[in-house]
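K.L.:
Residue numbers (the working numbering): 24 to 391.
In this text, a Cβ means the ideal position worked out from N, Cα and C, and glycines have one as well.
Sharing a structure below in structure tokens format, with a few things to ask.
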Amino acid sequence: MTNVAFAGNSSWSILNFRKNLILALINRGIEVHVIAPYDIYSEKLIKLGCHFHHIQINRRSINPFTDLILIFRYFQVIRKTKIKYICTFNIKPNLYVSYACFFLKAKPIINISGLGSAFLGKNFISNIAKFLYRIALFGNKIVFFQNQADLKFFDEANIFSGNLNNVLPGSGIDLSFYEKNNNHLATKKNITKFAFIGRLINDKGIIEFLEAAQEITSKYDDVEFNIYGDIDLNNPSSISENIIKKYSSKKIQFLGKINNIKEALQKTHCVILPSYREGMSRSLLEASACGIPIIATDVPGCREIISDKNNGYLCKIKDSKDLFFKIEQFLELSNDELKAMGDYGRYKVEKEFCVELVIKKYLEAILA
24 MTNVAFAGNS
34 SWSILNFRKN
44 LILALINRGI
54 EVHVIAPYDI
64 YSEKLIKLGC
74 HFHHIQINRR
84 SINPFTDLIL
94 IFRYFQVIRK
104 TKIKYICTFN
114 IKPNLYVSYA
124 CFFLKAKPII
134 NISGLGSAFL
144 GKNFISNIAK
154 FLYRIALFGN
164 KIVFFQNQAD
174 LKFFDEANIF
184 SGNLNNVLPG
194 SGIDLSFYEK
204 NNNHLATKKN
214 ITKFAFIGRL
224 INDKGIIEFL
234 EAAQEITSKY
244 DDVEFNIYGD
254 IDLNNPSSIS
264 ENIIKKYSSK
274 KIQFLGKINN
284 IKEALQKTHC
294 VILPSYREGM
304 SRSLLEASAC
314 GIPIIATDVP
324 GCREIISDKN
334 NGYLCKIKDS
344 KDLFFKIEQF
354 LELSNDELKA
364 MGDYGRYKVE
374 KEFCVELVIK
384 KYLEAILA
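This is the structure in structure tokens:
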């Protein structure tokens, strides 16, 4: 019987982004394994029908001895369970599972879910990251990207050469879970509420968000900016809580991580993400699926989701003044225009980003 494993940085990320794919595999009689650090979400994966294997990962560590141990641990688990296909999504699993599989029959299905801080610059770390991926993607691997720009980057850097068949619409959105819920856009409002949803790191454009929010709130009384997310201390692009506090006010509030983002979207008029680069922004897709307009930077992983002026606005990267201008444009819209913008976002997600499109691609690779 074919069996498939999922390897990731956390059980939470596998459950949150791959649940529908896991269920599609289980429903076809395929045995599913999960290889990840044990956390409070691991039991939910087990209840779905997964076989769980704990493995410790330090995302920030660059200790070669620790990383060699991680590769050997992957090797042990994959060999013992005789995995046929193993799906990976994060940088370390992408690399180290691939290395472990050089000595095994298991076939990696690698998902390049975005180019993080290591790829954004042109320095020693960037060159090392490219070299490590060049080795990992050598040989008979199935490789998926979440946008065409990342595929082009890997091709031009001589890391991997593929075509549009290697591009997925992000991790896909479950439209039955993220239902359209935007009637509040059509009703008269006292306060226009904007939201930032994501990790609080520089690469997500949190500083530009805060600067633009501060300028807008000094000019307008009827606005509110809410920040939902964690401070990611394991990320080299992380910012401190003191910076958030510096900008905080009655109109700019840091609300921390929220478990049910749909509750926040029900009272949000626009989601803003001034990111420097994404694989395919999950927060923008979730907002659009719920019919909420969006403002984001004109960069890979954001621009694919936004049809400028139809379901949101594109702004310039690392430019808080241009973001301020786009927010002002948004504030000038009527309630009917807001609702129409949100409805178009839902339509676009239905046509281009539904989870069934992603599941189809994986099933074609696994059942071929």
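#1: In terms of alpha-carbon separation, which member of D253, S241, Q289 lies closest to S272?
#2: Could you please give the first and the last residue of the uninterrupted beta strand (DSSP E) stretch that includes Q171?
#3: In the structure shown, what three-state DSSP assignment does T240 receive?
#4: The beta strand (DSSP E) that contains T210, what's its start and end?
#5: Determine which residues share a DSSP beta bridge with F6 and list them.
#6: Which residue marks the beginning of the alpha helix (DSSP H) containing F40, and which one marks its end?
#7: Based on the DSSP output, what are the partners of I58 in its beta bridges?
#8: Would you identify the three-state DSSP class for N249, choosing helix, strand or coil?
#9: Measure the beta-carbon distance from M364 to N334 and round it to whole angstroms, keeping in mind my assumption that it falls under 8 Å.
#10: For V190, collect the residues of the same chain with a Cβ closer than 8 Å to its Cβ; drop the 5 residues on either side in sequence, then sort them by chain order.
#11: For the alpha helix (DSSP H) holding G221, just list the boundary residues, first then last.
#12: Report the residue from N204, L160, I196 whose alpha carbon sits nearest the alpha carbon of G185.
#13: Indicate whether the contact test is met: 3 or more Cβ pairs, each with one atom in the segment 60-70 and one in the segment 88-96, closer than 8 Å.
#14: Look up P87 in the DSSP assignment and say whether it is helix, strand or coil.
#15: Starting from the C-beta of F177, find all residues in its chain whose C-beta is less than 6 Å away, skip the five residues before and the five after it, and write them out in chain order.
#16: With a floor of 4 residues, list each alpha helix (DSSP H) that falls wholly inside the segment 251-334, ordered by position along the chain.
#17: With a Cβ-Cβ cutoff of 8 Å, do A209 and Y251 count as a contact?
#18: So, is F95 buried or exposed, given that buried needs 16 or more other C-beta atoms within 10 angstroms?
#19: Can you tell which of K268, L307, G221 has the C-alpha that lies nearest to the C-alpha of N282?
#20: Looking at the secondary structure, which residues open and close the beta strand (DSSP E) in which P192 lies?
#21: Given that a residue counts as buried once 16 or more other Cβ atoms are within 10 Å of its Cβ, and exposed if not, what is E202?
#22: Which residues does DSSP pair with Y336 in a beta bridge?
#23: K274: which of I37, V246, A47 sits nearest, CA to CA?
#24: Have a look at S343 and Q276 and give me their C-alpha separation to the nearest angstrom.
#25: On the DSSP letters alone, give me the boundaries of the beta strand (DSSP E) that I165 sits inside.
#26: Is it buried or exposed for K371, if we count other Cβ within 10 angstroms and need 16 for buried?
#27: Would I318 and I295 be called neighbours here (beta carbons separated by less than 8 Å)?
#28: Could you say if the segment 43-53 and the segment 67-74 meet the contact criterion of at least three C-beta pairs nearer than 8 Å?
#29: Need the endpoints of the beta strand (DSSP E) that L130 sits in, please.
#30: Per DSSP, T111 forms a beta bridge with which residues?
#31: Go ahead and label S65 buried or exposed: buried means 16 or more other beta carbons lie within 10 angstroms of its beta carbon, across all protein chains shown.
#32: Can you determine whether any heavy atom of the ligand SAH sits closer than 7 Å to the C-beta of T89, and answer yes or no?
#33: Going straight from the alpha carbon of I224 to that of L308, what length do you get?
#34: Mind checking G52: buried by the 16 CB within 10 Å criterion, or exposed?
#35: Report the CB separation of G193 from P297 in whole angstroms; it is logged as a contact under 8 Å.
P.N.:
On the basis of the coordinates in this document:
#1: Taking the first residue of the sequence shown as position 1, residue 272 is located at position 249. In terms of CA proximity to S272, S241 leads the group D253, S241, Q289.
#2: In the sequence shown, counting from the first residue as 1, residue 171 sits at position 148. Q171 -> not in any beta strand (DSSP E); alpha helix (DSSP H) instead, spanning 171-179.
#3: In the sequence shown, residue 240 corresponds to position 217, counting from 1. Here T240 sits in helix by DSSP.
#4: Stepping through the sequence shown from its first residue, residue 210 is reached at position 187. Here T210 belongs to no beta strand (DSSP E), and DSSP marks it neither H nor E.
#5: Missing from the structure shown is residue 6; the chain here goes from 24 to 391 and no further.
#6: In the sequence shown, residue 40 corresponds to position 17, counting from 1. It spans 34-50 - the alpha helix (DSSP H) in which F40 sits, taken as one unbroken run.
#7: Start at 1 with the first residue of the sequence shown, and residue 58 comes out as number 35. I58 is bridged to A30, H76.
#8: Numbered from 1 along the sequence shown, position 226 holds the residue referred to as residue 249. Strand, per DSSP.
#9: On the sequence shown, position 341 is the one that residue 364 refers to. On the sequence shown, position 311 is the one that residue 334 refers to. That belief holds up - the Cβ atoms of M364 and N334 are roughly 6 Å apart, short of 8 Å.
#10: What you label residue 190 is simply residue 167 of the sequence shown in a count that begins at 1. Once the five neighbours on either side are set aside, the close Cβ partners of V190 are F167, F168, Q169, N170, Q171, L174.
#11: Counting from one through the sequence shown, the residue named residue 221 turns up at place 198. Careful: G221 lies outside any alpha helix (DSSP H) and carries neither H nor E.
#12: Taking the first residue of the sequence shown as position 1, residue 185 is located at position 162. Among N204, L160, I196, the Cα nearest to that of G185 is on L160.
#13: In the pairwise beta carbon analysis, the segment 60-70 is classified as not touching the segment 88-96: fewer than three pairs are separated by under 8 Å.
#14: One-based indexing of the sequence shown puts residue 87 at position 64. Collapsing the DSSP output to three states places P87 in a helix.
#15: In the sequence shown, counting from the first residue as 1, residue 177 sits at position 154. Within its own chain, the residues whose Cβ lies closer than 6 Å to the Cβ of F177, once the five positions on either side in sequence are excluded, are F183, listed in chain order.
#16: 264-270, 284-288, 305-312
#17: Along the sequence shown, one-based indexing puts residue 209 at 186. Along the sequence shown, one-based indexing puts residue 251 at 228. No; because the gap between Cβ atoms is not below 8 Å, this pair is not in contact.
#18: Along the sequence shown, one-based indexing puts residue 95 at 72. With fewer than 16 Cβ atoms within 10 Å of its Cβ, F95 is classed as exposed.
#19: As a working mapping, residue 282 is identified with position 259 in the sequence shown. That would be G221, whose Cα lies nearest to the Cα of N282.
#20: Counting from one through the sequence shown, the residue named residue 192 turns up at place 169. Element bounds for P192: n/a, residue is neither H nor E.
#21: One-based indexing of the sequence shown puts residue 202 at position 179. Exposed: under 16 other Cβ atoms inside 10 Å.
#22: What you label residue 336 is simply residue 313 of the sequence shown in a count that begins at 1. I318, per the DSSP bridge assignment.
#23: Counting from 1 along the sequence shown, the entry for residue 274 is found at position 251. When only C-alpha atoms are compared, the closest one is V246.
#24: The sequence position of residue 343 within the sequence shown is 320, counting from 1. The sequence position of residue 276 within the sequence shown is 253, counting from 1. Rounded to the nearest angstrom, the gap between the Cα atoms of S343 and Q276 is 18 Å.
#25: Here residue 165 is taken as the residue at index 142 of the sequence shown, counted from 1. I165 -> beta strand (DSSP E) spans 165-168.
#26: Stepping through the sequence shown from its first residue, residue 371 is reached at position 348. Buried: at least 16 other Cβ atoms inside 10 Å.
#27: Against the sequence shown, residue 318 aligns to sequence position 295. Against the sequence shown, residue 295 aligns to sequence position 272. Yes. Within cutoff.
#28: yes
#29: By 1-based counting over the sequence shown, the position of residue 130 is 107. A small correction: the amino acid at residue 130 is Lys; Leu does not occupy that position in the sequence shown. Where K130 is concerned, the enclosing beta strand (DSSP E) stretches over 130-135.
#30: Looking up residue 111 in the sequence shown gives position 88. Answer by DSSP bridge pairing, in chain order: A30, I133.
#31: In the sequence shown, counting from the first residue as 1, residue 65 sits at position 42. Result: buried.
#32: Absence of the ligand SAH from the depicted structure is noted, as is the absence of any ligand whatsoever, leaving it without description.
#33: Translated into the one-based positions of the sequence shown, residue 224 becomes position 201. Translated into the one-based positions of the sequence shown, residue 308 becomes position 285. Rounded to the nearest angstrom, the gap between the Cα atoms of I224 and L308 is 19 Å.
#34: Mapped onto the sequence shown, residue 52 falls at position 29. G52 should be labelled exposed.
#35: Position 170 of the sequence shown holds residue 193. Position 274 of the sequence shown holds residue 297. No, G193 and P297 are not in contact; Cβ-Cβ is about 19 Å, not under 8 Å.
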